[in-house]
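What follows is a single structure, written as C-alpha cells, with notes after it.
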Amino acid sequence: MTVLGLIGSSCGGLDTRFRAELAAPAAARGHRLAITLTPTAHRWLDAAGELDPLAALTDLPVRANSRLPGEPRPHPDPPVFLFAPASANSVAKLALGIADNQALTVLGDVLGDPAITIIVGYQVQDARFRHPAWRRHLDTLAEAGVRVRRLEYGKPWSEILDLLPASTG
3 MTVLGLIGSS
13 CGGLDTRFRA
23 ELAAPAAARG
33 HRLAITLTPT
43 AHRWLDAAGE
53 LDPLAALTDL
63 PVRANSRLPG
73 EPRPHPDPPV
83 FLFAPASANS
93 VAKLALGIAD
103 NQALTVLGDV
113 LGDPAITIIV
123 GYQVQDARFR
133 HPAWRRHLDT
143 LAEAGVRVRR
153 LEYGKPWSEI
163 LDLLPASTG
C-alpha cells in the first residue's frame, strides 16, 4: 500500500468535495492517506463536520499543525503527494519556497526530489491567469518536476487521481 501525502488548501467546494472526490477514491484505489491541511482548510473541514469522516479513511492523524519538539513524526515519508485543491495563494507560496504552514512545509521539504512524485491540482478564477506572476509560478513548479493541472469547474476533482502512480502492495 503506497502512502499518499494528500494535501488540501481552502478552495471553493473543499467542504463537500475533498473527502468525496479525492480522499475516499484515493483510499479505494489502495493508497494509505497521510492527510495534511492548511490551517484554513482544516478550519473549513472542521466546521463542515468532515474531519472525523476523513480520519476514518486512514490510520494516520489528519494534520494541520507542526509537531512539538520531541514528538514522534505522525506520518511516514510519502513517495507520492497530491496537493488538491491548491489555492492560488498556496501555489504561489510553494513556487516561492514559502513554508508558513505545515502543508507547505511538507511539500517544500521534498520539492525537486526526483524520487518523489508531486501532483498539484489547483483551483483558481480565470482572472488569475492575467496576473503576471501566475505563469512563472506554474513554470517554476513544472521545472521542479511537479505535475501541475487545473481542477476544472464543473468537472469531478477525482479526475486528477488518474495522474497518480498505481498503489503498490
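So the sequence shown is numbered by this note's numbering: it starts at 3 and just counts up by one. No residue lacks a Cβ here, since even glycine has one placed at the ideal position from N, Cα and C. Since the structure is predicted, the reported quantities are computational estimates derived from the model, not experimental observations.
Contact check, residue i vs residue j, beta carbons under 7 Å
i, j, result
"Asn103", "Pro27", "no"
"Val150", "Val122", "yes"
"Ile120", "Val148", "yes"
"Val5", "Ala25", "no"
"Pro97", "His139", "The sequence as given places Ala at residue 97; Pro does not occur at that position. For Ala97 and His139, yes; Cβs fall inside 7 Å."
"His33", "Ser160", "no"
"Gly7", "Phe131", "no"
"Val108", "Thr60", "no"
"Ala144", "Gly114", "no"
Supposed close pair residue i, residue j - CB separation, criterion 8 Å
i, j, result
"Pro2", "Pro63", "There is simply no residue 2 to check, as the chain begins at 3 and stops at 171 in what is shown."
"Gly10", "Ala43", "5 Å"
"Leu163", "Arg31", "7 Å"
"Ala94", "Ala135", "7 Å"
Local conformation of residue i per DSSP, three classes
i, result
"Leu106", "helix"
"Thr142", "helix"
"Val5", "strand"
"Arg21", "helix"
"Arg137", "helix"
"Ser132", "The residue you asked about is not Ser; residue 132 is Arg in the sequence shown. Helix at Arg132."
"Ala86", "strand"
"Val122", "strand"
"Thr150", "One point to set straight first is that residue 150 is Val, not Thr, in the sequence displayed. If DSSP states are grouped into helix, strand and coil, Val150 belongs with the strands."
- Message: If contact is defined by three or more beta carbon pairs under 8 Å, each pair taking one atom from either stretch, is the segment 16-35 in contact with the segment 79-87?
- Response: yes
- Item | Cβ contact check for the segment 103-112 and the segment 64-71: 3 or more pairs under 8 Å | yes
- Message: For the structure I just gave you, are there three or more beta carbon pairs, one from the segment 43-53 and one from the segment 121-136, closer than 8 Å?
- Response: no
- At which residue ranges does the segment 26-52 contain complete alpha helix (DSSP H) runs of 4 or more residues, listed in the order of the chain? 26-30, 41-49
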